[in-house]
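Inspection log for the structure reproduced underneath, given as structure tokens.
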Amino acid sequence: MKKVLVATEKPFTKVAVDGIRKIVEDAGYKLELLEKYTSEGDLLNAVADADGMIVRSDIVNQNVVSAAKNLKIVVRAGAGYDNLDLKACSNSNIVAMNTPGQNSNAVAELAFGMMVYGIRKQFSGADGTELRGKCIGIHAYGNVGYYVAQIAHGFGMKVYAFDPFVSAEKMRADNVEPLATVEELYKTCQFVSLHIPATDATKKSINKKLLSLMPAGAVLVNTARKEVVNEDELVELMEERKDLMYLSDIKPANEAVFVEKFAGRFFFTPKKMGAQTAEANINAGVAAASQIVDFFTTGNEKFRVNK
Ligand code: 3PG
Numbered sequence: 391m392k393k394v395l396v397a398t399e400k401p402f403t404k405v406a407v408d409g410i411r412k413i414v415e416d417a418g419y420k421l422e423l424l425e426k427y428t429s430e431g432d433l434l435n436a437v438a439d440a441d442g443m444i445v446r447s448d449i450v451n452q453n454v455v456s457a458a459k460n461l462k463i464v465v466r467a468g469a470g471y472d473n474l475d476l477k478a479c480s481n482s483n484i485v486a487m488n489t490p491g492q493n494s495n496a497v498a499e500l501a502f503g504m505m506v507y508g509i510r511k512q513f514s515g516a517d518g519t520e521l522r523g524k525c526i527g528i529h530a531y532g533n534v535g536y537y538v539a540q541i542a543h544g545f546g547m548k549v550y551a552f553d554p555f556v557s558a559e560k561m562r563a564d565n566v567e568p569l570a571t572v573e574e575l576y577k578t579c580q581f582v583s584l585h586i587p588a589t590d591a592t593k594k595s596i597n598k599k600l601l602s603l604m605p606a607g608a609v610l611v612n613t614a615r616k617e618v619v620n621e622d623e624l625v626e627l628m629e630e631r632k633d634l635m636y637l638s639d640i641k642p643a644n645e646a647v648f649v650e651k652f653a654g655r656f657f658f659t660p661k662k663m664g665a666q667t668a669e670a671n672i673n674a675g676v677a678a679a680s681q682i683v684d685f686f687t688t689g690n691e692k693f694r695v696n697k
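Take 391 as the starting number for the sequence shown in this note's numbering and just add one per residue.
This is the structure we're talking about:
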């Protein structure tokens, strides 16, 4: 009997696990859960006899791949797969997939939750400002970017986006104004919401030079990855520009500096929680389980991300 391991340091909601279990067991496979594990050793033990694996931001590196003697497929239940060592997977003939779009709305809603929280002075009762009429720049117009645009329209914002991989026609069809360069996006928009993946090309790419272009009252919202922001340069700029606010769905490495110097001008979630809703967990978890069953039964590799 095939074994499908769900290895989630940050567990899915129970209802999502129930959905995953049903799909896996209906297919005649065994489901094993490894939740809230605290050491790589626990993951190495659990994956040793797994045929398929579902993870979230869990690290699937060479050690994990080497320990996974039977593994044929790993599905990242979510969008970003920077936690998977794709080369190691390919070298061991393991198919790696993600579940694009399944948790996007949850992330987009959190971006707005953080924006409102930030500009209403963290619900302290102090005077705040509003989103209506302001410009929001969506940096990378993928699945999350699409939902950010939808919600921004509801708030009465002017919506711009920069994404060299998405056509201007597609953006215009969504009532989003495409901008030709990333510099224009930052120059035009008081609010910028990051939705770029963490790759060698994007890491630390949100730097002082780019952020300096933002208009007065600038708010940078990061529900993507902390690695894409040059955190040291952000601190430098926040020291120079008292109007700049940073809201992030994960603490930066230099969090202590923010706490010491920038009270009221930042907010960080204690743990990455953009996708932590029942709906997103169900969508992404069930999609991951279905993709594994489909792969084993029909060979479908539709959402494969490695070569
Ligand atoms: C993603 O890439 O899908 C999101 O960042 C969610 O990540 P998570 O599954 O760790 O919450």
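Beta carbons: idealized from backbone N, C-alpha and C, even for Gly. Computed from a predicted structure; not experimentally measured.
Can you tell me whether DSSP reads Leu423 as helix, strand or coil? Taking the sequence shown and counting its residues from 1, one reaches residue 423 at position 33. Strand at Leu423.
Return the bridge partner residues of Asn612 from the DSSP annotation. Here residue 612 refers to the residue found at position 222 when the sequence shown is read from its first residue. Leu584, Ser638, per the DSSP bridge assignment.
Near Ile413, which residues of its chain fall below 7 Å by C-beta distance, leaving aside the five closest residues on each side in sequence? Looking up residue 413 in the sequence shown gives position 23. Around Ile413: Val676, Ala679, Ser680, Val683.
Own chain, CB closer than 7 Å to Arg510, minus 5 neighbours either side, in chain order: On the sequence shown, position 120 is the one that residue 510 refers to. The answer, listed in chain order, is Gly518.
Measuring straight from C-alpha to C-alpha, what distance separates Arg466 and Asn435? By 1-based counting over the sequence shown, the position of residue 466 is 76. By 1-based counting over the sequence shown, the position of residue 435 is 45. Spanning the two alpha carbons is a distance of roughly 19 Å.
Output yes or no for whether 9 Å exceeds the beta carbon distance between Phe686 and Ile528. Here the question's residue 686 lines up with position 296 in the sequence shown. Here the question's residue 528 lines up with position 138 in the sequence shown. Not a contact, by the Cβ cut-off of 9 Å.
Mark Asn495 as exposed unless 16 or more other C-beta atoms lie within 10 angstroms of its C-beta, in which case mark it buried. Here the question's residue 495 lines up with position 105 in the sequence shown. The residue in question, Asn495, is buried, as its Cβ has 16 or more Cβ neighbours within 10 Å.
Quick check: is any heavy atom of the ligand 3PG less than 8 Å from the C-beta of Gly532? As a first step, residue 532 must be located in the sequence shown, where it is residue number 142. Outside the cutoff, so no.
May I ask which residues mark the beginning and end of the alpha helix (DSSP H) holding Arg411? Position 21 of the sequence shown, counted from the start, is the residue given in the question as residue 411. Run containing Arg411: 404–416, per the alpha helix (DSSP H) assignment.
Residues in the same chain with beta-carbon distance under 7 Å from Ser480, minus the five sequence neighbours each way, listed in chain order, please. To locate residue 480, count along the sequence shown from 1; it is residue 90. Same-chain partners within the cutoff: Asn696, Lys697.
Using the C-alpha atoms, what's the distance from Lys662 back to Asp432? Residue mapping note: residue 432 aligns to position 42 of the sequence shown, counting from 1. Residue mapping note: residue 662 aligns to position 272 of the sequence shown, counting from 1. For Asp432 and Lys662, the distance between alpha carbons rounds to 22 Å.
With a 10 Å radius around its C-beta and 16 neighbouring C-beta atoms as the bar for buried, classify Ser638 as buried or exposed. As a working note, residue 638 is residue 248 in the sequence shown. The residue in question, Ser638, is buried, as its Cβ has 16 or more Cβ neighbours within 10 Å.
Looking at C-alpha atoms only, which residue of Val437, Leu476, Asp472 is the closest neighbour of Asn460? Within the sequence shown, the letter at position 70 stands for residue 460. Minimum Cα distance to Asn460 is reached at Val437.
Could you tell me if the beta carbon of Ala469 falls within a distance shorter than 8 Å of some heavy atom in the ligand 3PG? If you number the sequence shown from 1, residue 469 lands on position 79. Because some heavy atom of the ligand 3PG lies under 8 Å away, the Cβ of Ala469 counts as near it: yes.
Asn488: buried (16+ other C-beta within 10 angstroms of its C-beta) or exposed? Reading the sequence shown from its first residue, position 98 is the one you call residue 488. Asn488 is buried by the Cβ-count criterion.
Given 8 Å, three or more beta-carbon pairs between the stretch 560–579 and the stretch 594–610: yes
Could you give the residue range of the alpha helix (DSSP H) that holds Phe686? For the purposes of this step, residue 686 is identified with residue 296 of the sequence shown, where counting begins at 1. Start and end: 668–688.
Given a threshold of 16 other Cβ atoms within 10 Å of its Cβ, counted over all protein chains shown, does Val405 qualify as buried or as exposed? Working through the sequence shown from its first residue, we reach residue 405 at position 15. By the 10 Å Cβ count, Val405 comes out exposed.
Please report how far the alpha carbon of Glu567 lies from the alpha carbon of Ile484, in whole angstroms. In the sequence shown, the residue the question calls residue 567 occupies position 177. In the sequence shown, the residue the question calls residue 484 occupies position 94. Between Glu567 and Ile484, the C-alpha separation is close to 40 Å.
With a threshold of 8 Å on Cβ separation, who are the neighbours of Val506 within its own chain once the five nearest residues in sequence on each side are excluded? Here the question's residue 506 lines up with position 116 in the sequence shown. Around Val506: Leu521.
Would a C-beta distance cut-off of 9 Å place Glu399 and Glu425 closer than the cut-off? The residue you call residue 399 lines up with position 9 of the sequence shown. The residue you call residue 425 lines up with position 35 of the sequence shown. Taking 9 Å as the Cβ cut-off, Glu399 and Glu425 qualify as a contacting pair.
Other residues of its chain near Lys594: CB distance less than 6 Å, five sequence neighbours each side excluded: The count along the sequence shown starts at 1 and reaches residue 594 at position 204. Taken in chain order, the residues that qualify are Asn620.
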